[in-house]
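Position in the sequence shown counted from 1, then plus 285, gives you this note's numbering.
Cβ coordinates follow ideal geometry from the N, Cα and C atoms, glycine included.
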Amino acid sequence: MRAERTRQALIAAAAVEFDRQGYAGTSLSAVHRACGATMGALTFHFPAKADLATAVCREAEALTGEALAKLVPAGPLPPVAEFTLEVARLLEREVTVRAAARLARERAVPFCWYTLWRAALRDLVAATREPADALPAPDELELLAVYLTAGAEAALRAGSTGPEVQTQLECLWALVHSPKECPVGPR
C-alpha cells in the first residue's frame, strides 16, 4: 500500500510539473522533491522520465474515459456541444488531464490523450440523429468540436477562467445550432 501511495504521489507531482514546465522543462529531481519522495523511490517506480510521463497520460486517460462515460447531455445544446464542454471542464479542473494534453501537444510520449476523446467524439457524432440542416455534416461537426476543444485548452492556458471558457463554448455552439440564440459573444 505504501508503494502505491508513493507511486500515486509521484504521478500527481509529475502532472503539476509537466503542466507547468512541459516535458523538456521538467526534471526528475523537481518531481521527487515536490512529493517528498527520494530519487531512489522515483526511479524504482519510473526508471525514466518517459515512463513517468506515460503514467501521467494513462491517469489522464482513465479520468477522461470515466468522465465521458458518465456524460448525459441535457439542455438546449446538441450532445457534441455538451461533449466539448465536458472536455473543457476536465482541462480546467484536472491537472493530470492538462499535463497529458501538453505532453501530447509536445509529442513528448507516444501516448496521445487526444486519441481517447477523439474516438469517443467520433462515436457520438456517428450516433447524432439531428436533422440534416440543423448541424454541419458529421465530419465537419467532429472537426468543429476538435478545434473548439483546442481553443478551449489554449484559452485556459492563456489565463481565461473555466466559467469564461464554458460561456464562450456555449455561445459558439449556439451560433452553430441557432445563430440568433447566442447570449454572449466571445470575448
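In the DSSP assignment, GLY447 falls within the alpha helix (DSSP H) that extends over 447-462. The alpha-carbon of TRP402 is positioned some 21 Å away from that of ILE296.
Using a 10 angstroms sphere on the CB of GLU351, the tally of other CB atoms stays under 16, which defines it as exposed. Annotated three-state conformation of VAL380 is helix, per DSSP. The C-beta of THR311 has 16 or more other C-beta atoms within 10 Å across all chains shown, which makes the residue buried. The beta carbon of LEU376 sits closer than 7 Å to those of VAL382, ARG383, ALA386, ALA437, GLU438 and LEU441, all from its chain and outside the five residues before and after it, given in chain order.
Ranked by how close their Cα comes to the Cα of GLU302, the residues LYS334, THR291 and ARG290 have LYS334 in first place. The region 363-373 makes no contact with the region 307-327: fewer than 3 CB pairs, one atom from each, lie closer than 8 Å.
Boundaries of the alpha helix (DSSP H) around GLY436: 423-442. If you compare the alpha carbons of ALA298, ARG305, THR400 and ALA422 with that of ALA347, the shortest gap goes to THR400.
In terms of Cα proximity to GLY325, the closest of VAL357, LEU406 and THR291 is THR291. For LEU356, no alpha helix (DSSP H) run applies, since DSSP gives it neither H nor E.
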